[in-house]
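Structure first, then comments.
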Amino acid sequence: MNLKIEMTIPSAVYLECPSCGTNTLHEVLRGRVGGKKETLEATVRCRKCGTIHTTLYTEMKPRKIPIVISDFGKSRKEEIELGPDELVTIGDELIVGDTQVIVTSIESGEKRIKECVAREIGTIWAKRFDRVKVKISINKGTKTIPAEMLVPPDEEFYVGDLLTVGKYHVVVHNIKTKDRMLRDGGSEAREIVRIYAKIVRTTSA
């Protein structure tokens, strides 16, 4: 995979702190990209000691990083180009070729970590995220029928929605997200753990 990377204002950069003297991540508080789009003038905060200072940062050549993509039970190995100081965090959404993925694990050295700058990453693990699997429990009398749908991650579902799931017409009565159980309102598919629904009886005119 070949990506042409143009410099944008990053959320964090890897710099030497003038106060504590360590090479570490600095949070970018504000900044602007130079006219040639190769340098960043920024105010940054050291994540180690908290010192705030200004810096002139030049982005270096991107590096290719192996990325293992899980695609609904199958895995494949690709490469992604990232700036060496670009911060990658579990949960980040990336584009690999024409596939949207979400980062699930990061390997640096022999350790699995939650976040890392690209220069120190050995391998990224991710799963396909242009479609997500939404699990549905359908109540039919005393039985519960398991089902699932493949939908875009930003598709929204609301309590009260009428859905067609296979041969069933159902109404959503609860939505379990990663954080809570919804009895009204809605959520994007990416946040949904399970939808609970009841079969709706239809009558012919």
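In the working numbering, the protein residues as written are 49 to 253.
Every residue gets a Cβ at the ideal spot worked out from N, C-alpha and C, and that includes glycine.
Sort out for me which residues DSSP pairs residue i with in a bridge.
i	result
K112	E129
F234	A small fix is needed here, since residue 234 is Gly in this sequence, not Phe. Bridge partners of G234: Y206.
C164	V136
T152	Per DSSP, none; premise fails for T152.
S123	S118
I57	Beta-bridge pairing links I57 to no other residue.
R242	K224
T103	A90
Considering Cα atoms alone, identify which of the options is closest to residue i.
i	options	result
V144	I117, D133, G121 and L211	I117
K255	R238, V149, K215 and S156	Nothing in the structure corresponds to residue 255, since the chain is present only between 49 and 253.
P194	E163, R124 and R242	R242
I115	I128, K109, T103 and K122	I128
A60	I100, L230 and C68	I100
I113	E126, K122 and T102	E126
G69	C97, D140 and T91	C97
E163	Y244, D146 and D140	D140
K224	Y216, D146, K215 and Y244	Y244
R124	V149, L230 and G189	V149
G189	K246, L211, T103 and K122	K246
Just to confirm before moving on: does the CB-CB distance between residue i and residue j stay below 8 Å?
i	j	result
E158	P201	no
Y105	T87	yes
I161	I172	no
V218	V248	yes
R80	E89	yes
L198	R228	no
P66	L135	no
V213	I240	no
R120	R78	Correcting the residue type first, residue 120 is Phe in the shown sequence and not Arg. No.
L73	V151	no
E204	G234	yes
A174	L130	no
R93	E75	yes
Which whole-angstrom value describes the C-beta separation of residue i and residue j, a residue pair presumed to lie in contact below a C-beta threshold of 8 Å?
i	j	result
V207	N222	7 Å
I169	S156	6 Å
R167	D133	7 Å
E232	V220	It is Asp, not Glu, that sits at residue 232 in the sequence shown. Not quite, the Cβ-Cβ distance comes to about 11 Å (not below 8 Å), so this is no contact.
Using a Cβ-Cβ distance cut-off of 8 Å, determine whether residue i contacts chain B.
i	result
A166	Looking for chain B here will not work: only one protein chain is present.
*Can you list, in chain order, the stretches of the beta strand (DSSP E) that have 3 or more residues and sit fully within the segment 178–227?*
180–188, 191–199, 204–206, 210–213 and 216–225
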